[in-house]
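Chains as they are written, first to last, in my numbering: chain R, 65 to 433; chain Z, 606 to 903.
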């Protein structure tokens with residue numbers, strides 16, 4: 065096994081054994097599980113309670129399959145009125161002719177009652193009207209809400225994981241530089257192996273986190289019935305999210321290592337990472353904005369611009385349907401950006417990591433021989 | 606054979622030193638297999654820079670390092686053992702795991718690294734601490750772990766920067782024994798130290814650096830031979846003025862007078878002394894390494 069893999073393996077085994085990692089993973093798993101059950105508990109779709117006085121049930125459920133209807137019979141109108149005023153029922157149908165409500169009737173319920181009543185009576189009179197055929201010429205909007213919800217959760221997830229792992233990379237680099245272990249390490253392995261191993265190892269830790277969240281999220285959603293509302297192609301989306309995480313992580317983690325190699329003390333990590341965390345924050349806010357307007361110009365343009373694309377494109381993919389060629393093009397651009405950043409980042413890291421002491425400047429290190 | 610030849614290194618200037626600083630100004634020396642080479646010099650003379658260049662941690666501006674007649678490469682260095690001036694270990698990693706990890710980085714297989722680690726822990730008296738985090742160890746024990754990290758892969762060459770600093774006398778002896786064992790096994794050992802008596806006792810040869818140059822090098826005996834010794838004569842109850850006209854300095858200590866000189870005709874001095882009183886001591890004193898060192902860097 066070569067140096068890079070040995071370094072990566074040490075990173076993974078060190079991280080997964082820390083209490084912070086284990087607790088963090090358990091808490092996220094619980095949270096994700098809970099969130100998957102939340103819509104169920106909160107009540108989900110609409111439902112109405114209806115009363116009957118000397119009337120027949122109307123086939124409302126056949127007309128609106130997403131809505132639940134509960135029917136109750138009342139002996140007389142007086143009893144029905146009391147129930148309406150007490151809020152026990154939303155509306156009462158009297159003599160198949162009148163509807164009693166407390167105040168103005170709920171629009172949806174009113175329209176439903178009127179149209180079903182009309183159709184029912186026409187049907188009874190022998191007039192059959194073919195129902196209107198609904199045809200969408202725009203994007204499939206059935207899953208609009210679910211898609212937006214998934215996109216929002218994804219952005220938050222990618223942002224938190226990216227931020228967490230990037231700070232880990234920086235702290236690891238400074239730990240090795242500050243304690244001078246790097247000197248004996250570099251007597252045994254090459255700088256790119258040390259840098260690459262660290263980024264790879266902590267990336268695997270991030271993937272373990274992300275994978276756990278996605279798997280638990282999907283499993284819990286299908287148990288809770290939430291998954292029934294998911295748009296088709298969820299598996300494809302999950303795979304794409306993993307790929308985008310890897311690309312975004314490679315980009316930001318390399319820069320993080322390069323920035324961190326400029327300082328020698330843990331206390332300086334936050335300061336030196338500020339430009340990078342700002343960049344991630346901006347990417348996050350932009351992506352968050354995009355969840356509201358996934359088809360807008362800003363979303364479309366930024367979904368090709370690295371490093372924004374690493375978060376904006378998965379959001380677009382979740383929120384609306386994106387043609388494969390667009391995804392491919394965007395991934396290619398991001399991959400190229402990663403290559404450039406790897407080149408610059410490893411150069412800075414290699415030159416700076418052995419220069420202990422005062423904080424160095426990124427540009428100066430890059431220009432120096 | 607490890608050959609260091611004509612190493613030059615200049616550090617870029619900072620705000621304090623606009624012209625930069627010459628750290629090495631053409632250092633050359635050779636260490637043979639089984640030779641223990643002591644590297645001495647004042648702080649900032651260039652010892653650490655030289656060792657870091659040999660270990661590939663730093664690039665020389667010019668000059669070369671060769672091992673077994675070939676330019677020293679990355680693969681060769683993997684088989685070297687190195688203890689840098691600034692000690693560094695993963696504080697939270699367990700002792701045995703850490704030593705094994707470095708063994709593997711130096712190319713050992715997993716079982717070989719484990720066996721070497723067990724052996725070293727046994728020899729360094731750390732077996733009981735193997736599962737402890739490094740930060741839980743005393744400084745002396747941390748130093749032993751550092752040494753174990755340098756030795757775990759049974760290195761072909763040992764380069765140790767100040768390995769004895771901060772050790773108590775017992776630990777110094779233990780480390781000296783460990784190095785002598787490696788040396789007898791044919792491993793060239795280079796170490797730097799300010800403890801000149803220790804260098805004098807342990808080393809086959811010594812290199813004295815000053816301001817980036819090797820000002821003197823060779824076996825301790827050779828270095829001594831190059832220096833004329835000091836003649837020391839002790840006379841009891843001499844006649845007053847006996848040493849008038851003789852070179853050197855005379856000091857009085859009770860009824861005895863001591864003449865120290867490094868020139869003049871020793872036979873003539875002896876005759877004068879015997880005539881003046883009872884000669885208690887007459888001999889040429891070999892300079893210590895400390896004296897040779899002071900002379901060389903002056």
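We put the beta carbon where it would ideally sit given N, CA and C, even for glycine.
- Assignment of beta strand (DSSP E) within the stretch 821 to 900 of chain Z, counting only whole runs of 3 or more residues, yields 835 to 841, 854 to 858, 861 to 866 and 883 to 890 in chain order.
- The stretch 401 to 418 of chain R and the stretch 305 to 323 of chain R touch, with three or more beta-carbon pairs separated by less than 8 Å.
- Among the CB atoms of chain Z, none fall inside 8 Å of the CB of residue 83/R.
- Bounds of the beta strand (DSSP E) holding residue 635/Z are 626 to 636.
- Taking C-beta separations shorter than 8 Å and ignoring five residues to either side along the sequence, the partners of residue 350/R in its chain run 362, 366, 372, 375 and 376, following chain order.
- Rounded to the nearest angstrom, the gap between the Cα atoms of residue 319/R and residue 824/Z is 51 Å.
- DSSP lists 797/Z as the beta-bridge partner residues of residue 766/Z.
- In chain order, 68, 71 and 72 place their CB closer than 6 Å to the CB of residue 261/R, counting only its own chain and leaving out the 5 sequence neighbours on each side.
- For residue 785/Z, the closest alpha carbon among the candidates 860/Z, 736/Z, 763/Z and 688/Z is that of 763/Z.
- A straight line joining the alpha-carbon of residue 272/R with that of residue 225/R spans about 11 Å.
- Around the Cβ of residue 640/Z, a 10 Å sphere holds 16 or more other Cβ atoms; the residue is buried.
- When the five nearest sequence neighbours on each side are left out, the beta carbons in the same chain lying within less than 6 Å of the beta carbon of residue 291/R are those of 285, in order along the chain.
- If you draw a 10 Å sphere on the C-beta of residue 610/Z, you find fewer than 16 other C-beta atoms in it, and that means exposed.
- Residue 644/Z does not reach chain R, its nearest Cβ partner there being about 17 Å away, counting only Cβ pairs nearer than 7 Å.
- Inclusion of residue 368/R and residue 394/R in the CB contact set at 8 Å is warranted, their separation being smaller than that value.
- Residue range 652 to 659 is occupied by the alpha helix (DSSP H) that includes residue 652/Z.
- Sequence-distant partners of residue 753/Z (beyond 5 residues in either direction) whose C-beta falls short of 8 Å from its own C-beta, in its chain, are 704, 722, 725, 726, 729 and 731.
- Secondary structure of residue 198/R (DSSP, three-state): coil.
- Collapsing the DSSP output to three states places residue 329/R in coil.
- Minimum Cα-Cα distance from residue 77/R among the listed residues 343/R, 340/R, 266/R and 422/R corresponds to 266/R.
- In the pairwise beta carbon analysis, the stretch 840 to 860 of chain Z is classified as not touching the stretch 805 to 815 of chain Z: fewer than three pairs are separated by under 8 Å.
- Between residue 739/Z and residue 695/Z, the beta carbon gap of about 7 Å places them in contact (Cβ cut-off 8 Å).
- Per DSSP, reduced to three states, the secondary structure at residue 646/Z is strand.
- Secondary structure remark: continuous beta strand (DSSP E) runs of at least 3 residues inside the stretch 261 to 331 of chain R: none found.
- Under the criterion of beta carbons closer than 8 Å, residue 311/R and residue 274/R do not qualify as touching, at roughly 13 Å.
- Here the alpha carbons of residue 765/Z and residue 685/Z stand approximately 10 Å from one another.
- Residues 616 of the same chain have their beta carbon placed closer than 6 Å to that of residue 626/Z, with the five preceding and five following residues left out of the count.
- With 16 or more other Cβ atoms from the protein chains shown falling within 10 Å of its own Cβ, residue 709/Z counts as buried.
- For residue 883/Z, the closest of 779/Z, 875/Z and 648/Z by C-alpha to C-alpha distance is 875/Z.
- Annotation: residue 745/Z to residue 432/R spans about 39 Å, alpha carbon to alpha carbon.
- Look at residue 682/Z: its C-beta is under 8 Å from a C-beta on chain R.
- Secondary structure at residue 156/R: strand, using DSSP grouped into helix, strand and coil.
- With respect to the C-alpha of residue 671/Z, the residue from 608/Z, 632/Z and 788/Z having the closest C-alpha is 608/Z.
- Nothing from the stretch 726 to 750 of chain Z brings a Cβ to less than 8 Å from some Cβ of chain R.
- Distance between residue 384/R and residue 364/R, taken at the CA atoms: about 11 Å.
- Neighbours of residue 902/Z in chain R, taken as residues at a C-beta separation under 9 Å, are lacking, since the least C-beta distance is about 27 Å.
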